[in-house]
Amino acid sequence: MRQINELNTSNRILMGPGPSDVHPRVLKAMSTPLVGHLDPEFLEVMDDIKQMTQQTLKTKNPLTFVVSAPGSAGMETCLVNLLEPGDEAVICIHGVFGTRLVDIAERCGAKVIKVESEWGKPINPNEVKKALARCKPKLLAIVHAETSTGVLQPLEEISKLTKESGALLVVDAVTSYCGVDLRVDEWGIDALYSGSQKCLSAPPGLSPVTFSQAAIDVLDHRKTKVQSWFLDLTMVKNYWEGAKRAYHHTAPVSAMFAMRESLRLVLEEGLENRFKRHQQNHELLRDGLENLGFEFLVEKEYRLPMLNAVKIPKGLDELAIRKQLLNEYNIEVGGGLGPFAGIIWRVGLMGESATINHVNMLLGALKTIIK
Numbered sequence: 001m002r003q004i005n006e007l008n009t010s011n012r013i014l015m016g017p018g019p020s021d022v023h024p025r026v027l028k029a030m031s032t033p034l035v036g037h038l039d040p041e042f043l044e045v046m047d048d049i050k051q052m053t054q055q056t057l058k059t060k061n062p063l064t065f066v067v068s069a070p071g072s073a074g075m076e077t078c079l080v081n082l083l084e085p086g087d088e089a090v091i092c093i094h095g096v097f098g099t100r101l102v103d104i105a106e107r108c109g110a111k112v113i114k115v116e117s118e119w120g121k122p123i124n125p126n127e128v129k130k131a132l133a134r135c136k137p138k139l140l141a142i143v144h145a146e147t148s149t150g151v152l153q154p155l156e157e158i159s160k161l162t163k164e165s166g167a168l169l170v171v172d173a174v175t176s177y178c179g180v181d182l183r184v185d186e187w188g189i190d191a192l193y194s195g196s197q198k199c200l201s202a203p204p205g206l207s208p209v210t211f212s213q214a215a216i217d218v219l220d221h222r223k224t225k226v227q228s229w230f231l232d233l234t235m236v237k238n239y240w241e242g243a244k245r246a247y248h249h250t251a252p253v254s255a256m257f258a259m260r261e262s263l264r265l266v267l268e269e270g271l272e273n274r275f276k277r278h279q280q281n282h283e284l285l286r287d288g289l290e291n292l293g294f295e296f297l298v299e300k301e302y303r304l305p306m307l308n309a310v311k312i313p314k315g316l317d318e319l320a321i322r323k324q325l326l327n328e329y330n331i332e333v334g335g336g337l338g339p340f341a342g343i344i345w346r347v348g349l350m351g352e353s354a355t356i357n358h359v360n361m362l363l364g365a366l367k368t369i370i371k
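Residue numbering for the sequence shown follows UniProt numbering, beginning at 1 and increasing consecutively.
1. By DSSP's criteria, Asp172 is part of a beta bridge. Which residues make up the other side?
2. If you reduce the DSSP assignment to three classes, tell me which class Arg134 lands in.
3. Could you compute how far the alpha carbon of Leu362 sits from the alpha carbon of Leu132?
4. Using only the alpha-carbon positions, how far apart do Lys28 and Asn126 sit?
5. My understanding is that Gly63 touches Thr175, with C-beta atoms under 8 Å, so please give their C-beta distance in whole angstroms.
6. With three or more C-beta pairs closer than 8 Å as the rule, is the region 45-59 touching the region 279-289?
7. Quick one: measure Cβ to Cβ for Trp187 and Glu156, integer angstroms, because I've assumed they're closer than 8 Å.
8. Which of helix, strand or coil does DSSP assign to Leu14?
9. Label Trp229 either buried or exposed according to how many other C-beta atoms from any shown protein chain fall within 10 Å of its C-beta, with 16 as the threshold for buried.
10. Under 8 Å Cβ to Cβ from Gly15, same chain only, skipping five residues before and after it: list those, please.
11. How big is the Cα-Cα spacing for Glu269 and Ala365?
12. Distance check for Gln197 and Gln324, CA to CA, integer angstroms please.
13. Per the DSSP calculation, Asn308 is bridged to which residue(s)?
14. What three-state label does DSSP hand Leu101 in the structure shown?
15. Would you call the region 92-112 in contact with the region 290-299, where contact means no fewer than 3 C-beta pairs closer than 8 Å?
16. What first and last residue would you give for the alpha helix (DSSP H) that runs through Cys78?
17. Just to confirm my understanding: we take His248, look at its own chain, exclude 5 residues before and 5 after, and list those with CB closer than 8 Å. What are they?
18. Under DSSP, the alpha helix (DSSP H) around Leu231 begins and ends at which residues?
19. How is the beta strand (DSSP E) around Val209 delimited, first residue to last?
20. Suppose the cutoff is 7 Å on Cβ atoms and the five residues either side in sequence are ignored; what does the same chain contact list for Ser10 look like?
21. Hey, quick one: how far does the alpha helix (DSSP H) through Leu265 stretch, first residue to last?
22. Rounded to whole angstroms, what's the CA-CA distance from Thr56 to His278? Just pull it up for me.
23. With DSSP as the reference, label Ala202 as helix, strand or coil.
24. What residues in its chain sit with their C-beta under 6 Å from that of Asp21, if we drop five residues either side in the sequence?
25. Could you check whether Ser207 and Val298 sit closer than 8 Å to each other, using their CB atoms as the reference points?
26. Relative to the alpha-carbon of Leu267, which residue among Leu200, Ala73, Val45, Pro70 has its alpha-carbon at the smallest distance?
27. Per DSSP, what kind of secondary structure is Ile216 in: helix, strand or coil?
28. Considering only the alpha carbon of each residue, which of Gly335, His221, Leu7, Glu295 lies closest to Pro17?
29. Just curious, the alpha helix (DSSP H) that Glu328 is in, first and last residue?
30. Across which residues does DSSP place Gly335 in a beta bridge pair?
31. Just to check my reading of the structure: Phe340 and Trp119 have Cβ atoms closer than 8 Å, yes? What is that Cβ distance to the nearest angstrom?
32. In chain order, what residues of the same chain have a beta carbon less than 6 Å from the beta carbon of residue 374, not counting five sequence neighbours either side?
33. Considering Ile49, what are the terminal residues of the alpha helix (DSSP H) in which it resides?
34. Under 8 Å between the Cβ atoms of Leu319 and Ala215?
35. Around the Cβ of Lys130, are there at least 16 other Cβ atoms within 10 angstroms (buried) or fewer (exposed)?
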């Protein structure tokens, strides 16, 4: 049996689709001594997290909290609580994560009506209107920031159409949260989930979520039990609300400490300043990559500033260069998924990784490698 040595990972420069680099203050918060998950001091931490999550999502929804699991569990939390067998759900697909929404909705027993667009392009509201008209939808689910393609999906027109149909609007904001403008109340979003490891720059493993009163009403009038015990909001919400918290599960205390500090950093910087920083560094990266022969997959008006999907110049071995970036320069960038595997890179500029230094380090390394 081999000896297991002390853990000693490389100091990577994280510029892939997530996780992003973490601020030293967040790492310090993680090393704070543990308290119990029902300790009055920890309940205060939970209240702080809830308040700051509401601020950063621009919502007053009382049912706003953090799922003790990654963004995929946030996705599942939204769908398993709002859907029952036989419900109709319109699901928009313009990348990998739309297909996951479909998979979960079908596992809930829902009838799925798909609205699809070519990967790398946004969903067309006219197609949404047609889909809503041919069914009686319980909800419409859509990805705001499609991490697999780098598309930023406009939501306001689709929200209006969804409301007119009487359906709930469910939004995947895993990559957009704290990186671009996101207005839950103003845009009429009924359920939203995100992740801790992208533009928030906390460690992976937590999923901020929020639910409107309309979504809570649907939950309160379910005819069947939620298919997941752990994600059942009728129980989880009692752990996050009220003076006397009901035990539900042992929360990941250290991860919550990190989440609290990450949110503090976001609010110290200011949301508008943070959005501007992501956009400016995206433009710096764009100019540098285009000068090296890279082409962007997505049209300018729909590009995510924090997830840059770029086509590799002809004649270059994308996998070999990514390995060289990692092994020789400690820089991680992501490869393509699905039909874009081997064709594009996904270069992340998220949270603490959205800096001029990160951009210049990557461009400098690439100039040396592909000269």
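Quick reminder that beta carbons are idealized off the backbone N, C-alpha and C, glycines included.
The relevant details are as follows:
1. Working through the sequence shown from its first residue, we reach residue 172 at position 172. In the DSSP assignment, the residues bridged to Asp172 are Val143, Tyr193.
2. For this step, residue 134 is matched to residue 134 along the sequence shown. Secondary structure at Arg134: coil, using DSSP grouped into helix, strand and coil.
3. Within the sequence shown, numbered from 1, the residue matching residue 362 stands at position 362. Within the sequence shown, numbered from 1, the residue matching residue 132 stands at position 132. Approximately 44 Å, taken between the alpha carbons.
4. The sequence position of residue 28 within the sequence shown is 28, counting from 1. The sequence position of residue 126 within the sequence shown is 126, counting from 1. Between Lys28 and Asn126, the C-alpha separation is close to 49 Å.
5. Indexing the sequence shown from 1 puts residue 63 at position 63. Indexing the sequence shown from 1 puts residue 175 at position 175. For the sequence presented, residue 63 should be read as Leu rather than Gly. Leu63 to Thr175, Cβ: 23 Å. No contact.
6. Judged by Cβ distances under 8 Å, the region 279-289 makes no contact with the region 45-59, as fewer than three pairs qualify.
7. In the sequence shown, residue 187 corresponds to position 187, counting from 1. In the sequence shown, residue 156 corresponds to position 156, counting from 1. About 6 Å; that satisfies the 8 Å criterion.
8. In the sequence shown, counting from the first residue as 1, residue 14 sits at position 14. Three-state result, Leu14: strand.
9. For the purposes of this step, residue 229 is taken as residue 229 along the sequence shown, with counting starting at 1. Its Cβ having fewer than 16 others within 10 Å, Trp229 is exposed.
10. On the sequence shown, residue 15 is found 15 positions in, with the first residue counted as 1. It is Met, not Gly, that sits at residue 15 in the sequence shown. Within the same chain, Ile331, Glu332, Val333, Val347, Gly348, Leu349, Ser353, His358, Leu362 come within 8 Å of Met15 by CB-CB distance, once the 5 residues on both sides are set aside.
11. Position 269 of the sequence shown holds residue 269. Position 365 of the sequence shown holds residue 365. So the two alpha carbons sit approximately 29 Å from each other.
12. On the sequence shown, position 324 is the one that residue 324 refers to. On the sequence shown, position 197 is the one that residue 197 refers to. Using only the alpha carbons, I get a separation of about 24 Å.
13. As a working note, residue 308 is residue 308 in the sequence shown. DSSP, once it has assigned bridges, lists Val347 as partnering Asn308.
14. Translated into positions along the sequence shown, residue 101 becomes position 101. Looking at Leu101 - three-state DSSP - the assignment turns out to be helix.
15. Look at the beta carbons and you see the region 92-112 not touching the region 290-299: under three pairs across the two are nearer than 8 Å.
16. Taking the sequence shown and counting its residues from 1, the one referred to as residue 78 is at position 78. Membership of Cys78 in the alpha helix (DSSP H) is indicated by the continuous run 71-82.
17. Indexing the sequence shown from 1 puts residue 248 at position 248. Closer than 8 Å at the Cβ level, and outside the excluded window around His248, lie Met235, Val236, Asn238, Tyr239.
18. Numbered from its first residue, the sequence shown carries residue 231 at position 231. Here Leu231 belongs to no alpha helix (DSSP H), and DSSP marks it neither H nor E.
19. Within the sequence shown, the letter at position 209 stands for residue 209. Bounds of the beta strand (DSSP E) holding Val209 are 207-211.
20. If you number the sequence shown from 1, residue 10 lands on position 10. For Ser10, the CB contacts under 7 Å within the same chain, skipping 5 residues up- and downstream, are Asn330 in chain order.
21. For the purposes of this step, residue 265 is taken as the residue at position 265 of the sequence shown. Looking at the DSSP string, the run of the alpha helix (DSSP H) that includes Leu265 is 253-269.
22. Residue 56 sits at position 56 when you count from the first residue of the sequence shown. Residue 278 sits at position 278 when you count from the first residue of the sequence shown. Computed Cα separation, rounded: 16 Å.
23. By 1-based counting over the sequence shown, the position of residue 202 is 202. Reduced to three states, the DSSP call for Ala202 is coil.
24. For the purposes of this step, residue 21 is identified with residue 21 of the sequence shown, where counting begins at 1. Leu14, Glu352, Ser353.
25. Position 298 of the sequence shown, counted from the first residue, corresponds to residue 298. Position 207 of the sequence shown, counted from the first residue, corresponds to residue 207. Not a contact, by the Cβ cut-off of 8 Å.
26. Working through the sequence shown from its first residue, we reach residue 267 at position 267. When Leu200, Ala73, Val45, Pro70 are compared, the shortest CA-CA separation from Leu267 is found for Leu200.
27. As a working note, residue 216 is residue 216 in the sequence shown. If DSSP states are grouped into helix, strand and coil, Ile216 belongs with the helices.
28. In the sequence shown, the residue the question calls residue 17 occupies position 17. Measuring from the Cα of Pro17, the nearest candidate turns out to be Gly335.
29. For this step, residue 328 is matched to residue 328 along the sequence shown. Counted as a single uninterrupted DSSP element, the alpha helix (DSSP H) harbouring Glu328 occupies residues 318-329.
30. As a working note, residue 335 is residue 335 in the sequence shown. Paired residue(s): Trp345.
31. Here residue 340 refers to the residue found at position 340 when the sequence shown is read from its first residue. Here residue 119 refers to the residue found at position 119 when the sequence shown is read from its first residue. About 7 Å; that satisfies the 8 Å criterion.
32. Residue coverage of the chain in this structure runs from 1 to 371, which leaves residue 374 outside it and unanswerable.
33. If you number the sequence shown from 1, residue 49 lands on position 49. From DSSP, the alpha helix (DSSP H) with Ile49 extends over 40-57.
34. Stepping through the sequence shown from its first residue, residue 319 is reached at position 319. Stepping through the sequence shown from its first residue, residue 215 is reached at position 215. The answer is no: Cβ separation not under 8 Å.
35. As a working mapping, residue 130 is identified with position 130 in the sequence shown. Classification of Lys130: exposed, given that the 10 Å Cβ count is below 16.
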